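A quick write-up on the structure given underneath.
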Amino acid sequence: MKLPVLNEQPILKVKDVNKLYGINRGCQAIGFDLYPGEVLGIVGESGSGKSTLLKCLSGECQPDSGDIIFNALSGEVLNLYEIGEAKRRLLMRSEFGIVKQNPRDGLRLSVSAGANIGERLMAVGERHYGGIRSTASSWLQQVEIDAERIDDFPQSFSGGMQQRLQIARVLVTKPRLVMMDEPTGGLDVSVQARLLDMIRTLVANLNLSVVIVTHDLAVARLLCHRLMVMQKSRVIESGLTDQILDDPQHPYTQLLVSSVLTP
Amino acid sequence: MNINVQESDCLIKSNKKIRLSVHKLAKVFTMHLQNSAIIDIFSNLSLSVEEGSCTVLLGPSGMGKSTLLKSLYGNYMITSGEIMLHCDDGNLDVAKASPQIIYELRRNIIGYVSQFLRVVPRVPALNIVMEPLLNRGVEKVQAQEKAKTLLTRLNIPERLWSLSPTTFSGGEQQRINIARGFIAHYPILLLDEPTASLDAYNRGVVIELIEEAKARGTAIVGIFHDEIVRNKVADDVINLAECAA
């Protein structure tokens, strides 16, 4: 029985990030570290600032102040909003993966499923058509979509299939940090369960670091290692997922947890 | 102040190593939504557990037996006190450990069999049982073999292995939980009524598993309402009613 040794460095460091649209609207005083392989959930009610924070982290929205520091694969330590637009864009389509709540925002509806996946590959320099097609086909299978549908357009897919296609499109470039905004929102529960199982497996197999915004505490419990609870733009409580859900300390967290309906 | 008498005794009577010790532990729940009611579960709890021995927690419901186990696992946040793990190369206070340390502890050092099974829907029983080994990097084939052996021992019919346990009976779910808790060997094991809904035969299997874990040197803290099991496995009994503030 030996003491646990932690020798991994955080992949993402967030230091005192502020982005306010009004008094207590947006997010403020946010700080945390995210480690490789870790899934962090951001929970809280609508308007608490979850999505604003996620947009800051993903490079889509520059904070008013604070630092977001990413440990790149190359070994470089990058301050997300100090590296310049071009480099940030490159990062966003290579080492970052961003999964939108509405798959139609993350997919291109006017091109086939295969092209949706292939496009991201081409964006990072892949050129060989046969290679792209076979990678696309294998990713369709990984997200449990029949590979025969590679030439179909996403419009002909159900909501759950579109969401799985979006995940394939994001993961095909092997991002190291994935950000998801309510990935199971708007899907019926049977589809949710399948998606949850799939996300969990992919996260573990690919050793992804994930930040996931959700207001569904059941989803948070099954997917996240650690939670941050937000209320009125601030993080009011954070810790291990099961500790936050089973022994919440803050009055607002107690309210959130006790308001969940169990069937 | 209640120090378990065994603590001072065992240093003299055995040369077994203490693996877990709890000092002056207090746990208070503040229910902010219910007029800020304060529930004082325990306020001065101390105990220690040696390798290869089983400490059984006794006391009526509501005395904090499960609360104590959950605190030891890092699931509940304690109000004050220390939860020390005594490793070969140093000590660690669980109550002060970061989430990253807790992940490691749960992967390699502390196992926990809870009363209820909580799993992702759709995942087959066999995969749920294998998971703790896969998390340690064990090869899938090897993990699968061990899971099958354990499920067979616990009399889970093979036709159920590929099904999600969400639809299993209470006793079957509990055995899935037990299999998951025993498949990977932990130096410290926390058992919350693992035999509550089992028949006599399966209860016997669980007793065997506990005996084997003790023989490997596992330090166990458990809650067993079942007297037969308790008498078989307990090396030490702590009555929380007597430890209460």
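Those protein sequences? They're chains A and B, same order as listed. For our numbering, count along the first sequence from 1 and bump the result up by 6. For our numbering, count along the second sequence from 1 and bump the result up by 50. Quick reminder that beta carbons are idealized off the backbone N, C-alpha and C, glycines included. This structure is a prediction, so every number in the text was calculated from the model and none was measured.
Within-7 Å CB hit, residue i to chain B
| i | result |
| --- | --- |
| Ala35 (chain A) | no |
| Arg232 (chain A) | yes |
| Ala226 (chain A) | no |
| Gln148 (chain A) | no |
| Asp253 (chain A) | yes |
| Asp22 (chain A) | no |
| Pro189 (chain A) | no |
| Asp212 (chain A) | Sequence check: residue 212 (chain A) is Leu here, not Asp. So, not an interface residue. |
| Pro16 (chain A) | no |
| Asp194 (chain A) | no |
| Gln260 (chain A) | yes |
Endpoints, beta strand (DSSP E) assigned at residue i
| i | result |
| --- | --- |
| Tyr162 (chain B) | 160–163 |
| Gln255 (chain A) | Segment: none, Gln255 (chain A) is in no beta strand (DSSP E) and carries neither H nor E. |
| Val11 (chain A) | Val11 (chain A) -> no beta strand (DSSP E), and no H or E assigned at all. |
| Asn281 (chain B) | Asn281 (chain B) -> not in any beta strand (DSSP E); alpha helix (DSSP H) instead, spanning 277–283. |
| Tyr41 (chain A) | Premise fails: Tyr41 (chain A) is in no beta strand (DSSP E) and is neither H nor E. |
| Lys19 (chain A) | 18–28 |
| Gly140 (chain B) | 140–143 |
Under 7 Å by beta carbon: chain B residues contacting residue i
| i | result |
| --- | --- |
| Ser264 (chain A) | Leu83 |
| Gly245 (chain A) | Pro149 |
| Asp248 (chain A) | Asn125 |
| Leu201 (chain A) | In chain order: nothing, as chain B lies at least about 10 Å away. |
Rounded C-alpha distance that separates residue i from residue j
| i | j | result |
| --- | --- | --- |
| Leu204 (chain A) | Val149 (chain A) | Just to set this straight, residue 204 (chain A) is Met in the shown sequence, not Leu. Their Cα atoms are separated by approximately 7 Å. |
| Gly192 (chain A) | Leu113 (chain A) | 16 Å |
| Thr220 (chain A) | Gly102 (chain B) | 43 Å |
| Arg170 (chain A) | Leu201 (chain A) | 7 Å |
| Asn177 (chain B) | Tyr87 (chain A) | 42 Å |
| Ala224 (chain A) | Asn141 (chain B) | 35 Å |
| Ala174 (chain A) | Cys230 (chain A) | 20 Å |
| Ile250 (chain A) | Met81 (chain B) | 14 Å |
| Leu177 (chain A) | Ser130 (chain B) | 44 Å |
| Gly65 (chain A) | Met98 (chain A) | 7 Å |
| Ser164 (chain B) | Val78 (chain B) | 21 Å |
| Ile206 (chain B) | Met7 (chain A) | 31 Å |
| Thr141 (chain A) | Asp90 (chain B) | 58 Å |
| Val197 (chain A) | Gly166 (chain A) | 6 Å |
| Ile74 (chain B) | Met234 (chain A) | Inspection of the sequence shows that residue 74 (chain B) is occupied by Lys rather than by Ile. Using only the alpha carbons, I get a separation of about 30 Å. |
| Gly131 (chain A) | Leu184 (chain B) | 34 Å |
| Ser148 (chain B) | Val195 (chain A) | 33 Å |
Endpoints, alpha helix (DSSP H) assigned at residue i
| i | result |
| --- | --- |
| Asp203 (chain A) | 195–212 |
| Ala229 (chain B) | 220–233 |
| Pro122 (chain A) | Reading the sequence as shown, one finds Asn at residue 122 (chain A) and not Pro. Where Asn122 (chain A) is concerned, the enclosing alpha helix (DSSP H) stretches over 119–129. |
| Cys62 (chain A) | 56–63 |
| Ser96 (chain B) | Premise fails: Ser96 (chain B) lies in the beta strand (DSSP E), 87–100, not in any alpha helix (DSSP H). |
| Met186 (chain A) | Here Met186 (chain A) belongs to no alpha helix (DSSP H); instead the beta strand (DSSP E) covers 183–187. |
| Ser121 (chain B) | 115–122 |
| Leu96 (chain A) | 91–99 |
| Asp242 (chain B) | First-last for Asp242 (chain B): 238–242, but that is the beta strand (DSSP E), not the alpha helix (DSSP H). |
| Val225 (chain A) | 223–229 |
| Gly254 (chain B) | 250–265 |
Bridge partner(s) assigned by DSSP for residue i
| i | result |
| --- | --- |
| Gln237 (chain A) | A:Arg240 |
| Glu132 (chain B) | B:His73 |
| Glu189 (chain B) | The partner list for Glu189 (chain B) (beta bridge, DSSP) is empty, contrary to what the question assumes. |
| Arg31 (chain A) | A:Gly28 |
| Thr105 (chain B) | B:Val271, B:Asp286 |
| Val83 (chain A) | A:Asn77 |
| Ile104 (chain A) | A:Met185 |
| Ile218 (chain A) | A:Gly47, A:Met186 |
| Arg209 (chain B) | Answer by DSSP bridge pairing: none, since Arg209 (chain B) is not bridged. |
| Gly245 (chain A) | A:Leu233 |
| Met81 (chain B) | B:Ala87 |
| Cys137 (chain B) | B:Gly140 |
Chain A residues whose Cβ lies nearer than 9 Å to that of residue i
| i | result |
| --- | --- |
| Gln192 (chain B) | In chain order: nothing, as chain A lies at least about 17 Å away. |
| Asn158 (chain B) | Met7, Lys8, Pro10 |
| Arg280 (chain B) | Those do not exist, as Arg280 (chain B) stays about 26 Å from chain A at its closest Cβ, beyond 9 Å. |
Listed by chain order, chain A residues near residue i by CB distance under 7 Å
| i | result |
| --- | --- |
| Gln150 (chain B) | Leu12, Tyr41 |
Proximal residues of chain B, C-beta to C-beta of residue i below 9 Å
| i | result |
| --- | --- |
| Arg206 (chain A) | Val170, Val173 |
Proximity test, Cβ basis, 7 Å: residue i and chain A
| i | result |
| --- | --- |
| Met127 (chain B) | yes |
| Asn52 (chain B) | Low confidence applies here, because Asn52 (chain B) scores a pLDDT of 43, under 50, leaving its location unreliable; read the following figure in that light. So no, Asn52 (chain B) is outside the interface. |
| Val140 (chain B) | Reading off the sequence, residue 140 (chain B) comes out as Gly, not Val. Yes - at least one Cβ of chain A is within 7 Å of the one on Gly140 (chain B). |
| Glu277 (chain B) | no |
| Pro17 (chain B) | A query on residue 17 (chain B) cannot be resolved here, the shown segment of chain B reaching from 51 to 295 and no further. |
| Cys104 (chain B) | no |
Partners in chain A for residue i, counting only beta-carbon separations shorter than 8 Å
| i | result |
| --- | --- |
| Leu155 (chain B) | Pro10 |
| Arg69 (chain B) | Met7 |
Under 8 Å from the C-beta of residue i: neighbouring residues of chain B
| i | result |
| --- | --- |
| Pro257 (chain A) | His82, Leu83 |
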